[in-house]
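One structure is given below, encoded as structure tokens.
In my numbering, the protein residues as written are 1 to 329.
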């Protein structure tokens, strides 16, 4: 099995003494393992459009932060310790923090660790900051596709035979998943990523907006400054049809949901919770009502004999709701 160490064919770009800012700057010119799942649309935190904007500098981007991301970073040393325990051998950092492919240097990877016998280690956490049950994509024997692609990209860049994914997953606990290198799958993956890289980074073609880009659209088009636009020669009609069809299904689903909720409430009655087979399935607890802030402000102004300031002073940022109409409506 090939050892991952200084002097191998892979090019060490950034050492562990570098700052996070230096590490991120070194990754800007290429596609790292964590970028792969984003480019192919399997990232829950970042969209392909955001990756394109970040790599090209075409539009401002905003750092992705969350409690889950911070927790995963904090738990990384513990995950490596657990991997070492279960594998019965030392697990350390790779000699470099960031590597590049020896020929195609835009292909990059930053493994979390490596065993004494050369297997890469990737640490992951899932579902620790909320939700119920095992997160989507995880099971006792499988990991989400995005993480699978990330591991396979690491094997490609560092010419490694195996990756162990050391994961702490809600509902499953600590698990160690082994991924073996598959050259056929790897070639397909590299082809897809290369096509995305050449089209959107080298040639600069903007990817389409997709699911998860609502905030980006709002920042790019904050205000309506012109009148009506004719979209006859676009796919607007197909999108309009898809929207209305989905909305019809949504209305039906909401109606079914409310009907089921009413029946559950009738079964729960005066109780605040219900179980089936000893498992909690629903709660129906009393809560205090919302504060009427407008009335409170008016009462305070009246009590102190002062004029109520204009409500417009306290309005938030203007919004642009999309209202999809029916034909001739």
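Just so you know, even glycine gets a beta-carbon here, dropped at the ideal spot from N, CA and C.
Note that the coordinates shown come from a computational prediction; the quantities given were computed from them, not determined experimentally.
- Message: Buried or exposed, going by whether 16 or more other CB atoms sit within 10 Å of the CB of residue 242?
- Response: By 1-based counting over the chain shown, the position of residue 242 is 242. Per the 10 Å Cβ criterion, exposed.
- Message: Going by the DSSP bridge assignment, what does residue 124 pair with across the sheet?
- Response: In the chain shown, residue 124 corresponds to position 124, counting from 1. For residue 124, which the question treats as bridged, DSSP gives the partners 167.
- Is the Cβ-Cβ distance between residue 155 and residue 32 less than 8 Å? In the chain shown, the residue the question calls residue 155 occupies position 155. In the chain shown, the residue the question calls residue 32 occupies position 32. No, Cβ-Cβ distance for residue 155 and residue 32 is not below 8 Å.
- Item | Helix, strand or coil at residue 141 according to DSSP, with G and I counted as helix | Within the chain shown, the letter at position 141 stands for residue 141. Note: residue 141 maps to coil in three-state DSSP.
- Contacting residues, own chain, Cβ-Cβ under 6 Å from residue 59 (five flanking each side not counted): Within the chain shown, numbered from 1, the residue matching residue 59 stands at position 59. The beta carbon of residue 59 lies closer than 6 Å to those of 53 in the same chain, with the five residues before and after it left out.
- Message: Using a 10 Å radius around the Cβ and a threshold of 16 neighbouring Cβ atoms, would you call residue 216 buried or exposed?
- Response: Position 216 of the chain shown, counted from the first residue, corresponds to residue 216. Buried: at least 16 other Cβ atoms inside 10 Å.
- Task: With a 10 Å radius around its C-beta and 16 neighbouring C-beta atoms as the bar for buried, classify residue 119 as buried or exposed.
- Result: Translated into positions along the chain shown, residue 119 becomes position 119. Counting Cβ neighbours within 10 Å, residue 119 comes out buried, since at least 16 surround it.
- Query: Per DSSP, residue 174 is paired with what?
  - Reply: Walking along the chain shown from the start, residue 174 turns up at place 174. Per DSSP, 168.
- Message: Under DSSP, the beta strand (DSSP E) around residue 385 begins and ends at which residues?
- Response: Beyond the ends of the chain as shown, which are 1 and 329, falls residue 385; an answer cannot be given.
- Validate contact between the region 190-201 and the region 279-290 using beta carbons, cut 8 Å, 3 pairs: no
- Message: Which runs of the alpha helix (DSSP H) at least 4 residues long sit entirely within the region 75-137? Give them in chain order.
- Response: 76-87
- Message: Between the alpha carbons of residue 220 and residue 265, how many angstroms are there, rounded?
- Response: The residue you call residue 220 lines up with position 220 of the chain shown. The residue you call residue 265 lines up with position 265 of the chain shown. So the alpha carbons of these two residues sit roughly 44 Å apart.
- Cα separation between residue 212 and residue 123? Numbered from its first residue, the chain shown carries residue 212 at position 212. Numbered from its first residue, the chain shown carries residue 123 at position 123. Residue 212 and residue 123: Cα-Cα distance of roughly 25 Å.
- Nearest CA to the CA of residue 169: which residue from 68, 179 and 233? Working through the chain shown from its first residue, we reach residue 169 at position 169. Comparing Cα-Cα distances from residue 169 to each of 68, 179 and 233, the minimum goes to 68.
- Message: Taking the beta strand (DSSP E) that residue 281 belongs to, which residues open and close that run?
- Response: Locating residue 281 in the chain shown gives position 281, counting from the first residue. Element bounds for residue 281: 279-283.
- Going by DSSP, name the residue or residues bridged to residue 316. As a working note, residue 316 is residue 316 in the chain shown. Residue 316 pairs with nothing; no bridge assigned.
- Item | The beta strand (DSSP E) enclosing residue 12, as first and last residue numbers | Against the chain shown, residue 12 aligns to sequence position 12. Segment 11-14, the beta strand (DSSP E) holding residue 12.
- Can you pull the DSSP bridge partners for residue 180? Taking the chain shown and counting its residues from 1, one reaches residue 180 at position 180. Answer is 162.
- Query: Which runs of the alpha helix (DSSP H), 4 residues or longer, sit entirely within the region 207-271?
  - Reply: Scanning the region 207-271 from its first residue to its last, the whole alpha helix (DSSP H) runs of 4-plus residues come out as 214-220 and 236-268.
- Query: By DSSP, does residue 275 sit in helix, in strand, or in coil?
  - Reply: The count along the chain shown starts at 1 and reaches residue 275 at position 275. It is a strand residue.
- By a C-beta neighbour count over all protein chains shown, 10 Å radius and 16 as the cutoff for buried, is residue 1 buried or exposed? For the purposes of this step, residue 1 is identified with residue 1 of the chain shown, where counting begins at 1. With a pLDDT of only 39 at residue 1, under 50, the local geometry of the prediction cannot be trusted, and no value is derived from it.
- When you compare only the Cα positions, how much space is there between residue 90 and residue 280? Looking up residue 90 in the chain shown gives position 90. Looking up residue 280 in the chain shown gives position 280. Residue 90 and residue 280: Cα-Cα distance of roughly 42 Å.
- Look up residue 31 in the DSSP assignment and give the residues it is bridged to. The sequence position of residue 31 within the chain shown is 31, counting from 1. 107, per the DSSP bridge assignment.
- Which class does residue 202 belong to by DSSP, given the choice of helix, strand or coil? As a working note, residue 202 is residue 202 in the chain shown. Three-state result, residue 202: helix.
- Message: So, at 6 Å on beta carbons, what are the nonlocal neighbours of residue 100 in its own chain, with the 5 sequence-adjacent residues on each side left out?
- Response: Translated into positions along the chain shown, residue 100 becomes position 100. Excluding residues within five positions, the ones whose Cβ falls inside 6 Å are 11, 13 and 108.
- Output the residue ranges of the alpha helix (DSSP H) runs that lie fully inside the region 29-70 and measure 4 residues or longer, sorted by chain position. Inside the region 29-70, DSSP marks whole alpha helix (DSSP H) runs of 4 or more residues at positions 33-39 and 48-56, from first to last along the chain.
- Under the three-state DSSP convention, the category residue 311 falls into: On the chain shown, position 311 is the one that residue 311 refers to. Here residue 311 sits in helix by DSSP.
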